[in-house]
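Chains as they are written, first to last, in this note's numbering: chain A, 35 to 663; chain B, 122 to 296; chain C, 886 to 1362.
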Amino acid sequence: MQSFWLIPALPLAGFLILALGGGRLSRGAAAVVGVGSVGLSAVLTFWAVFAFLAARPEQGAFTQNVWQWIAVADLTPAIAFHVDALTLTMMGVITGVGFFIHLYSVGYMAGETGYARFFAYMNLFVSAMLILVMADNLLLLYLGWEGVGLCSYLLIGFWYRDPANGYAARKAFVVTRAGDTAMAIGLFLLFDRLGTLHIQELMQRAVDTWPAASAMPTIAALLLLGGAVGKSAQLPLQTWLPDAMAGPTPVSALIHAATMVTAGVYLIARTHVLFELAPAALTAVAAIGALTLLLAGFSALCQTDIKRVLAYSTISQIGYMFLALGVGAWSAAIFHLVTHAFFKALLFLGAGAVIHALDGEQELSRMGGLRRELPLTFLTFLAGAASLAALPLITAGFYSKDMIIWEAYAAARGSLIWWFAALGGALLTVVYTFRMFFRVFEGPLQTRVHHAPGVSMTLPLVVLAVLSLTAGFVEMPRTLGGVHLFSTFMAGALPMVQLDPAREGHEWFFQVLSAGLVLLALLVSWRLFRRPIAHRAAGADSPLKAALQRWWLAGWGFDWLYDRLFVRPYIFLARINRNDVIDSGIDQIARGAQTLYRTASATQTGRLRTYAASMALGAALVIALAVWS
Amino acid sequence: MTLYSLLFYLLAIIILASTVMAVTRRNLVHAIIYLVVSFFGSAMLFYLLGAPFLAAIEVIIYAGAIMILFLFIVMMIDVDRHKERLFPIRQCLPAIIFGLVYAAVGLMVTFGHSGSKASMPIAVATPNAFGRFVFEHHWLAVEIVSLLLLVALIGALYLGRLKIEKSAAAGKETP
Amino acid sequence: MQTADFTALTPLLLLAAAIAAVMLQIALKRSHILTIVLTLAGLIAAMLGVLAVGDMPARQVTPLVTMDRLAFFFIGLILTATAATALLGCRYWEHAVGQCEEYYLLLLVAALGACVLAAAHHFAAFFIGLEILSISLFTLMAFARRRMASVEAGLKYLVLAGISSAFLLFGIALIYADVGSLAFPIWTARLQAAGETVSPLLLIGMGMTVIGVGFKLALVPFHMWTADIYQGAPAPTTAFVATVSKSAMVALLLRLFAPVDFTAEPALFWTLAILAFASMIVGNILALRQDSVKRILAYSSIAHMGYLLVAFLSGGPAAIAATVFYITAYTITVLGAFGVVTVLSRTDADADSMSDFQGLFFSHPWLAGVFMAMLLSLAGIPLTAGFIGKFYAITAGAQGGIWWLIITLVLTSAASLFYYLRIVVAMFSPPLENKTQPPAAGISYSGGLVLTVMTVLLIWVGSAPGPLIDLIGRITQ
């Protein structure tokens, strides 16, 4: 397996070609380079998966040391890859889903200026994300981590002429920076204490050095969690993701649904040994996940913009993954990550097709009745919505979410509280999903359809729809036949979940209960939202309900809170400091340097005798030093 | 005080005095003559140290060829007597510093406890022995020094051609 | 005089043969292109010679020179830099009024002098090599005879180099008086053994040697000539001064002082440390608000030699490796930087003031990119050779525990970003309205080749320094 490096290198090469020659390439050529490079690395990835399945490498991972950058004492940052089952799964998602989203973009971005620029950024993103998941040391992982952050910034602000987009991009960058800082400090701490950043070795040393539940691993794990929370838009750093929808829809699908935002989940899974040493940190992960999935679910219920519904839904679904990580259900978290990548990318692409068809309309209130106008989009969107809502038996989302809900209760670290939160979240999911679905496709036609999606857009929709429905069959609970392909595949990289033997027996009861509740919630949303908005608006809302709606629409007022807590005090301080108290000191340095410069320049007279005098002085100095020191 | 050291000090005084005179003369021709005296003194010193060949070379090349060349140049370019004082105040500082440094070094060398007090063995380097030594042990140095002379020659030729070229260029432009 | 002597001297002999060949060719028939071809052929032959005999065990040839791996490495570096200068000069002198073939001849002789310095094992070789280098350099500086600044630069260098040589000679005499030998090893052994009771003769001799070295490396306060000469001399010559002359002197510095244990000889340490300190500070301050790009590069070279001394002063084997690495990275970078300046220049006027570079990105995007890479390398930005060089310098310094010098290095490098970025900003600013078109309409193949090679080397050394570090590690063992 000497060609692993090609997988991230191909999109990087694509980026370079597009960035350097972008102006000179035709649109067709740009699309071929942009899509082709990702497609090739997808092919290579799947070839790698087959190679992996055909002959399991020793210790469950391929490793490849591409190139050692520098070696100073303990710090030996290398471009080295560690490819195990977890990495392969992530790579499959990134390149597979990424390829289809790139393909979709060919149609979606067709009318835009900056076509090559778009594909350049997208390719760079794919490359950075691959580096993130393939890195065998935390430094390289951090490089990928910041690389995807940069691409996220660039792509959210892709339509940079609108200042609001620029603002959204900056917000995403600054908010995630808060998490990244914590993560960087975590890396410093780990390197300082354990003397390496090589992940496998780091984990080994952590186990050898630190007793379980001691302070040091907890601090380190919490710092890493800070980074994960920022990247994955979990409480309390979730506020950037809804605004990030300012970017083009394929970007939302690729970066803000399928891949980048799940990097936090990957990070925690990758360093699971460290987290297992710190039960308190794991509990924090679970609590953050549970809280986020509920709060975001409520917010999704009230959004009026189709992409913001999906954004809050993404936050909520990642909350599920965090919950699963927190209870030690590692492979369940990754399983949900995969299925979520399929159906959420599908939903975003479907939403994109709708927005495209309505010429940029994103408001739910101005959509409706599109079932007959866009039948293919309708069908595929239905598949995605069903999978997101986890309709029993026939969707991938059901199998992954059910696994999390069940293990939230049954795992050794699980409890009834987590189970309640997960189940409540599942009900919310059904309601907000079908609220959105009915608003878009049912009721009277509100806006005329401008253009139907072309084949490059519909093909990815169909493929992802099929995956959203069938991908779940690789892992089915015991009660439904017990297929465990995914968790056995993952077993080489992540430990199996430990179930509490006392609770294990009730599985079928819990499953039937949750499935029944999901169907019930579906019925409720049918009753509530099937009717068009106009009818419902007649019945005046109670003030409490209206207030609650506003509150949830604003995402629980976190933006407001942060504005009061951080932004305003900061601006206030900046205003006090208008005359630059701190800068004045620095200005003094600059002024001092200028004075010195003038003094020193005065010696550069251009006269030979000055120069000779300087040499004489220097000679006197040197000889004095030599003799008297 | 042996005859040897008497001669040494006498020569040293002659060399120093004539060099000081050479530096301070306003008339360039006088300065050159004093320099010639100084070179003669050095040549005698070499002879005293047992290097007759070097002494001869010193006289032939320095006191002879180079100084004559200097004289020719001085006569050809016909410098005006410098109106300004020889040492403007501004140049005094570096001169004083140089002087002090050398004085300090001299004092230190004279009175400091030097590492090796032992005088070097007396030897006489006959031209024959000198030649053998240079060409047997330092043949590489001879070759490299020849390059030094070569590059000086090329450089001087190239830079000196300026005038000819200028007139040639002028000649080209006029017709 | 044995065959092995000649084998060891192969690169020098080939270089000398090239000198003879070029001289004969000029005498028989003047042809610019033929001279260039002969020059390059000679240089390449000498490089091949280095490759062929470079791995042989060290051999002392006459008391003067020792051909060991360090010498071969530096000879290789010098030959490469000379070849780059010759290639850069090819377009530069093409339109010169009058004859320009001597330029290459002088370059070759200067390179030979530098090679002798790099292999010197004896004060006599030191002095002869230095003089060959100096005399060819001042002719090379004055080579653009129609430009007053060029002639002035040559003259200034001649006088000042003369003064520094006088000091050096005096120092050598004092050392001989004390040690009774001019061979380096005997001298360093004596310096080492003497310890506290070292005689003033020896110390003063050492001090004066430092003056000679310091003048060539342009360490403060022997730096005054640098800016005038960098600015006045024709651009290819400046590139040559900044690389060949410096690296030969660094090789000599290693031979002279590397075997000395600085803890045993505090006088030497403090002398060099104060020169390094002053160079870092004064060099960077002088560059701050300069408006001439060539002067900025001149002042930055002063500062860089200060950085290099920090690596050198840290002591121990890491110090030598770091110093060699630094000068290699610096040579690559400076050749690239002056390459851009040369490509933009003509015999009658060099690209120099900031306004010559304003808007370069829009007229010559690739040139601007290369220049930016070189400037970032000088500033020590990661992924460039300069970063690795500085990094190793700091690492070596930290191992040696000379923290005050390291802090100075870090602070002054931070300040240096200001003037490097000023050039970058100028390149990316919109072009001036009423400005005459930049002199070079297109880039010659020779100039393009040099720039490409240097850029590739810069990035390669910056991103994968492993092979070079290994090579230097083998050399400095």
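Glycine is no exception: its CB is placed at the ideal position from the N, C-alpha and C atoms.
Computed from a prediction, not measured in an experiment: that's the story for all the values here.
- In the displayed model, I1357/C falls within a helix according to three-state DSSP.
- In this structure, the CA atom of L503/A is about 16 angstroms from the CA atom of P511/A.
- For the pair V208/A and A581/A, the Cα-to-Cα distance works out to about 30 angstroms.
- Against chain B, the CB of A660/A has no partner CB under 8 angstroms away; the residue lies outside that interface.
- Across the segment 938–960 of chain C, CB contacts with chain B closer than 9 angstroms involve V946, T947, P948, L949, V950, in sequence order along the chain.
- In the three-state reduction of the DSSP assignment, M530/A falls in the coil class, being assigned neither a helical nor a strand state.
- In this structure, DSSP gives W662/A a helical state, which the three-state scheme calls helix.
- Listed by position along chain C, the residues whose Cβ is nearer than 8 angstroms to that of Q638/A are M1109, A1112, D1113, L1171.
- Secondary structure at Q638/A: coil, using DSSP grouped into helix, strand and coil.
- For Q945/C, DSSP records a beta bridge to T951/C.
- Contacts between I1159/C and chain B, judged by CB atoms closer than 7 angstroms, are missing: the closest CB pair is about 17 angstroms apart.
- Q887/C sits exposed, since fewer than 16 C-beta atoms from the chains shown fall within 10 Å of its C-beta.
- Uninterrupted beta strand (DSSP E) stretches at least 3 residues long and entirely within the segment 60–112 of chain A occur at 95–102, given in chain order.
- For T1156/C, the nearest beta carbon of chain A is closer than 8 angstroms to its own beta carbon.
- Taking the Cα positions, L1157/C is about 38 angstroms away from L231/A.
- Residues are counted here when their Cβ sits less than 8 angstroms from a Cβ of chain C; for the segment 607–635 of chain A these are A627, Q628, L630, Y631, A634, S635, given in chain order.
- With fewer than 16 other Cβ atoms inside 10 Å of its own Cβ, I217/B counts as exposed.
- With a threshold of 8 angstroms between beta carbons, V272/B makes contact with chain C.
- When the beta-carbon positions are compared, L1104/C and L1053/C stay at least 8 angstroms from each other.
- In this structure, the straight-line span from the alpha carbon of L897/C to that of V263/B is close to 14 angstroms.
- With respect to F382/A, A287/A sits close: the two C-beta atoms are nearer than 8 angstroms.
- Judged by DSSP in its simplified three-state form, E397/A adopts strand.
- Rounded to whole angstroms, L335/A and W453/A show a C-alpha spacing of 21 angstroms.
- With fewer than 16 other CB atoms across the displayed protein chains lying within 10 angstroms of its CB, V245/B is exposed.
- Its Cα nearest to that of P478/A, the residue R406/A stands out among R406/A, N199/A, G626/A.
- Taking 8 angstroms as the CB threshold, V226/B lines the interface with chain A.
- In the three-state reduction of the DSSP assignment, N157/A falls in the helix class, which pools H, G and I.
- Between the beta-carbon of G1347/C and that of T1297/C there is about 21 angstroms, and that puts the pair past the 8 angstroms contact cut.
- Distances from the alpha-carbon of A162/A to those of G394/A, W39/A, E395/A, G281/A put W39/A closest.
- N171/A is bridged by DSSP to H232/A.
- Listed in chain order, the positions of the segment 1057–1091 of chain C with a beta carbon within less than 7 angstroms of a beta carbon of chain A are P1085, L1088, I1089, M1091.
- Cα atoms of F563/A and V474/A: separation of roughly 11 angstroms, rounded to the nearest angstrom.
- When beta bridges are read from the DSSP output, S1238/C appears opposite S1177/C.
- Under the 8 angstroms criterion on CB atoms, L651/A is classed as interfacial with respect to chain B.
- Between M1312/C and G1221/C, the gap from beta carbon to beta carbon reaches 8 angstroms or more.
- Contact between A1206/C and I1357/C holds: their C-beta atoms lie close to 5 angstroms from each other, under 8 angstroms.
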